[in-house]
Amino acid sequence: MRHFFNLSFRYKIPLWGSLLIITTAVIISATLLFRAYADLKQDLLSNAASQGRTLATTLFPAILHDDVWRSYEIVSAPFHGATPENPVQVESLLVVNRDHRVYVSTQPENIPMLTPLASISPAFKVLAGEIERLSTETRVVEPEGADQIFVVTPIAEESARLGVLVQVFSKSVLLPRFLESADRAAMIAGVVLTILLPINWYWGQRTAEPLVRLTASMESLGRGEVEPLPPGIYDYNDEFGRLFETYNRTAAQLQEKALLEKQMLQSERLAAIGRLTAGIAHEINNPLAGMLTAIDTLKQRPNLDPKVAKTVGLIERGLAQIADTVRALLVEAKISGRSLGLTDIEDVRTLLHAQIAKKHLNFEWDVHLSDNIPLPASLVRQVLINLTLNAIQAAPDEGCVCVHIKGDPAGLFIDVRNDGEPLSPEKLQHLFEPFFTTKESGHGLGLWVTYQMVRQLGGNIEARNEDGRIRFSVHFPLEATA
């Protein structure tokens, strides 16, 4: 029984409802059947009493003149009018004289004349005792355990009593009509159960389902997972409705709290990185300034070899890019520098050529840039280097890396794709956070630095899986730097 009470409400409520409906239907049906049997019995006895008084009045003169034959004809008359359509018929009739002996009977072969009433059967013996106490009214005698019902009517006029008329009914004659009533009751109960049981199961499931969902959601709270209940799960404003509304408010507050805690943690991490990068920038800027001065001095030498001059220019732009990158890590850094040109873009391709050749990549480089773009060249170059280098590292050997760059009045668009392993939704969500990396080795700052540079220039960057490839898209609006 304990296992039943441990069942889920989605089963327990419908089962309890079904049990209640079935029990109610059985009780009502049984009550109606007992009432129908009692009414049937009462109708039988009422008809028998009326018939007994009529026969007793007719028998009085015949018995008074000791006319046995006439008495037999009178008691036999009811059997001549019996019809098969009326199954509730008297079984036998007999007249008992004042000595409690049979005066006449409708079954003379079974109950001969002058037979003592008490000697016929135990039931008749009980009847004989009841006749002693009979008054002037018709009386029903139903001996305990007997199969007969006796209706006894005195044969008397005024103070003269000649005997009694006994109508004998078998209890079995009530059975056909009782079974007919039982069939009707069973049919009605079946219709009621057919209608109510499905309604009960639907209502039970409809009531229990929100509770089951609420229980699962509350269990998830213990695991640190906040799952609000879907809207419309329970649209009523009763106790259940207020309970679900309260849970959803609590879940929303917990989600807000978790978000605030996450933002605080991220802010603390960013503050720590800011302090770290400020120290690193100070240490890098000192030697960097010396190298840039040396490069500038070298460029002032006369008759400088063109190849050396080209290499010196490439080194100078690289060192300037390092300086701008360091400044980009500092919140207070001011964005400045020369405009982006086609040479800066080609420098990136030159710098990454060895990496591309090493992995035998199918490299697609598509640049549509005619004029200089009013964007800091060093920062844009660093963003392009970081994204392209990440794509090269993520792509498999002999894989594919595609870089598309387009400049127009709306801004600069950079699109970098590779056919490496797609990123999961969780990785995409944290991709631009500091110290988060998808590689086995790495500090997790490359994409975060890239994100900071893009945001400083007023642009936006996004990553997504598309057609089996990983795609990074960057847009730098020109008006942001005007």
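Here the working numbering runs 44 ahead of the position in the sequence shown, where the first position is 1.
Where is the CB? At the ideal position from N, CA and C, for every residue including glycine.
According to DSSP, is G276 part of a helix, a strand, or is it coil? DSSP places G276 in coil when its eight states are reduced to three.
Tell me the DSSP secondary structure of T150 in three-state form. If DSSP states are grouped into helix, strand and coil, T150 belongs with coil.
Mapping DSSP to helix, strand and coil, what is V134? In this structure, V134 counts as coil in the three-state DSSP scheme.
By a C-beta neighbour count over all protein chains shown, 10 Å radius and 16 as the cutoff for buried, is A421 buried or exposed? With at least 16 other beta carbons inside 10 angstroms of its own, A421 counts as buried.
For S414 and H404, the rounded distance between their alpha carbons: Straight-line Cα distance between these residues: approximately 30 angstroms.
Considering only heavy atoms of the ligand HEM, does any lie closer than 8 angstroms to the CB of V498? Only the bare structure without any ligand can be found here, which leaves the ligand HEM out of the picture.
Quick check on DSSP: helix, strand or coil for A526? Low confidence applies here, because A526 scores a pLDDT of 45, under 50, leaving its location unreliable; read the following figure in that light. In the structure shown, the three-state DSSP call for A526 is coil.
Should the segment 456-468 be called in touch with the segment 386-396, which here means at least 3 C-beta pairs below 8 angstroms? Result no; under three Cβ-Cβ pairs closer than 8 angstroms.
Is the segment 67-85 touching the segment 230-247, taking contact as three or more C-beta pairs under 8 angstroms? Between the segment 67-85 and the segment 230-247 there are three or more inter-stretch CB-CB distances shorter than 8 angstroms, so the stretches are counted as touching.
Among the residues of its own chain, which have a CB less than 8 angstroms from the CB of E135, if the five just before and after it don't count? Short of 8 angstroms from the beta carbon of E135, and not among the five residues preceding or following it, lie these beta carbons of its own chain, in chain order: Q192, V212, F213, S214, V217.
Pick from Y116, I175, I155, V236 that is closest to T29, judged by C-alpha positions: Past the boundaries of the shown model lies residue 29; the chain is included only from 45 to 526, so the question cannot be answered.
Go ahead and label S149 buried or exposed: buried means 16 or more other beta carbons lie within 10 angstroms of its beta carbon, across all protein chains shown. So S149 counts as buried.
Of the residues Y278, L241, T259, T337, which one's Cα is nearest the Cα of L63? Measuring from the Cα of L63, the nearest candidate turns out to be L241.
Mind checking G464: buried by the 16 CB within 10 Å criterion, or exposed? With 16 or more Cβ atoms within 10 Å of its Cβ, G464 is classed as buried.
CB contact flag (L332, L358, <9 angstroms): The Cβ atoms of L332 and L358 do not sit closer than 9 angstroms to each other.
With DSSP as the reference, please indicate the residues paired to A200 in a beta bridge. BP columns for A200 point to R205.
Between which two residues does the beta strand (DSSP E) harbouring L405 extend? No beta strand (DSSP E) holds L405; DSSP gives it neither H nor E.
Inter-residue Cα distance where the pair is L265 and R250: Distance between the alpha carbons of L265 and R250: 24 angstroms.
CB I175 to CB V195, shorter than 9 angstroms? Against a cut-off of 9 angstroms, the Cβ pair of V195 and I175 comes out as no contact.
Given 8 angstroms as the limit, is there contact between the segment 269-277 and the segment 294-310, that is, 3 or more CB pairs closer than that? The segment 269-277 makes contact with the segment 294-310; the number of CB pairs closer than 8 angstroms reaches 3 or more.
Of all the options E360, S52, L384, which has the alpha carbon lying nearest to the alpha carbon of F520? Cα-wise, what sits closest to F520 is L384.
Length of the line joining the Cα atoms of A353 and L309: Distance between the alpha carbons of A353 and L309 is about 49 angstroms.
Top-ranked residue by Cα proximity to Q500, from V427, G443, H474: For the options V427, G443, H474, the alpha carbon positioned closest to that of Q500 is the one of V427.
Within 10 angstroms of its Cβ, does V256 collect 16 or more other Cβ (buried), or is it exposed? Answer is exposed; the Cβ neighbour count stays below 16.
With a CB to CB cut of under 6 angstroms and the five nearest residues on each side skipped, what residues in its chain are close to T159? Contacts found: V146.
Measuring alpha carbon to alpha carbon, tell me which residue in H144, N244, I366 is nearest V424. Of the listed residues, the one whose Cα sits closest to V424 is I366.
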